[in-house]
Amino acid sequence: DDSSIIVRDGDAPYLDPKKQKTAVVAILGTPNAGKSVMLNYIAETKVSAESPKRHTTRREIRAVLTEGDTQLVIVDTPGIVSEAEQRDYEATLTRSPWDALTGADAALIVIDAAKRLYEAEHQMINRLAKQQQEREWFPPLYLALNKVDLVHPKHKLLNLSEHINEKLECEMTHYTCGVGGDGMRDLICDLQAEAKPRPWLFPAEVRSDLTFAERVEEVIRERIFVRFHEEIPYEVDQKVEEATQHDDGTVVIRHSVYVNTPGQKRIIRGKSGLKLKALEQDASLELTNVIGRPVTTVITVSVKPQR
Ligand SMILES: Nc1nc2c(ncn2[C@@H]2O[C@H](COP(=O)(O)OP(=O)(O)OP(=O)(O)O)[C@@H](O)[C@H]2O)c(=O)[nH]1
Ligand SMILES: [Mg+2]
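For the sequence shown, counting from 1, position 130 maps to 130 in UniProt numbering; every step adds exactly one.
Below is the structure:
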């Protein structure tokens, strides 16, 4: 039973619910824009898997930051794709990324400023603009032009900002580097200012809406996305079998990974099981950071039973 192991990654004092303020912020953007990196930066810990591959995030994940009287609940979403791709892609998701706007106090639109705008970005911006014009109330939009570290010369950012702001009414445009943190504090302050007097949705010390097992899975999923290619990261099923905390504080996690074919199993194990060993070490390191205690991860790979 892993319920006794609590991920303690925040420490905020008690506050009378009548004095509490809350803002729910949906993050929207095309695949690979850096949404999950931004969410993890705000949460100050790894909540959502981040990787260089498109479609790393497949479902909504909430991260929580409670500072002073204000709780920010940031909703990570799967990337928004072009209309041509949308039908097939959204069929693989339980919820459309757009659904996150419902009930949000604000939306954070993340754009990869280091590449040009493609069909998916144009269509996303146009759809937001249309909804903004048509609806009586639409959540205030904050624009993050992300990956500024990769943009040279910097005046390109102003052109991009002007272009988007002509179409979309944004409260503020931020220039951010999600990996380095540039521009992130100002952005967080703006989002906190959207908080309304309302009891917090999560206890102050909680950093996400994921269970312990889900957080472990998300970290291991990320390491699989980073280390394995083609269809493999998209096809694995995962299960935390057991998490045991020893008297000395160390945690041992037994984790199963299921793949579709014996070939995929061979790739994940690698020659003499070396790839799997590296994955275990990598996951252990990352989980040690997240849980704040030394973690040993043992991963078993099996082929899914054929129907
Ligand atoms: N150089 C640079 N890289 C960044 C920045 N932000 C994110 N990245 C990288 O961009 C890649 C994608 O980041 P994610 O946060 O996983 O992207 P995402 O928008 O969540 O993507 P999906 O979940 O697939 O929709 C990762 O390799 C990140 O390290 C940034 O500010 N600068
Ligand atoms: Mg993501």
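Glycine included, each C-beta is placed from N, C-alpha and C at the ideal position.
Put simply, the backbone Cα of Lys46 is about 30 angstroms away from that of Lys271. According to the DSSP secondary-structure assignment, Tyr258 is paired through a beta bridge with Asp237, Ser302.
For Lys19, there is no enclosing alpha helix (DSSP H), as DSSP marks it with neither H nor E. Distance from the Cα of Gly68 is smallest, within the candidate group Glu205, Thr176, Ala213, for Glu205. Membership of Cys170 in the beta strand (DSSP E) is indicated by the continuous run 170-175. Non-local beta-carbon contacts of Gln123 in its own chain, meaning distances under 7 angstroms to residues more than five positions away in sequence, involve Ser82, Glu83 in chain order. Annotation for Lys147: Gly34, Asp112, Ala113, Ala114, Cys177 place their beta carbon closer than 7 angstroms to its own, counting only its chain and skipping 5 residues before and after. The shortest C-alpha to C-alpha distance from Lys304 to any of Asn289, Thr261, Val298 is the one to Thr261. The residues Ile164, Lys167, Leu168, in chain order, have a CB closer than 7 angstroms to that of Ile125 in the same chain once the five nearest residues on each side in sequence are set aside. Checking the 7 angstroms criterion, the Cβ of Thr57 is within range of a heavy atom belonging to ligand 2. Asn146: not part of any alpha helix (DSSP H); member of the beta strand (DSSP E) spanning 141-146, first to last residue. Here DSSP, grouped into helix, strand and coil, assigns Asp182 to coil.
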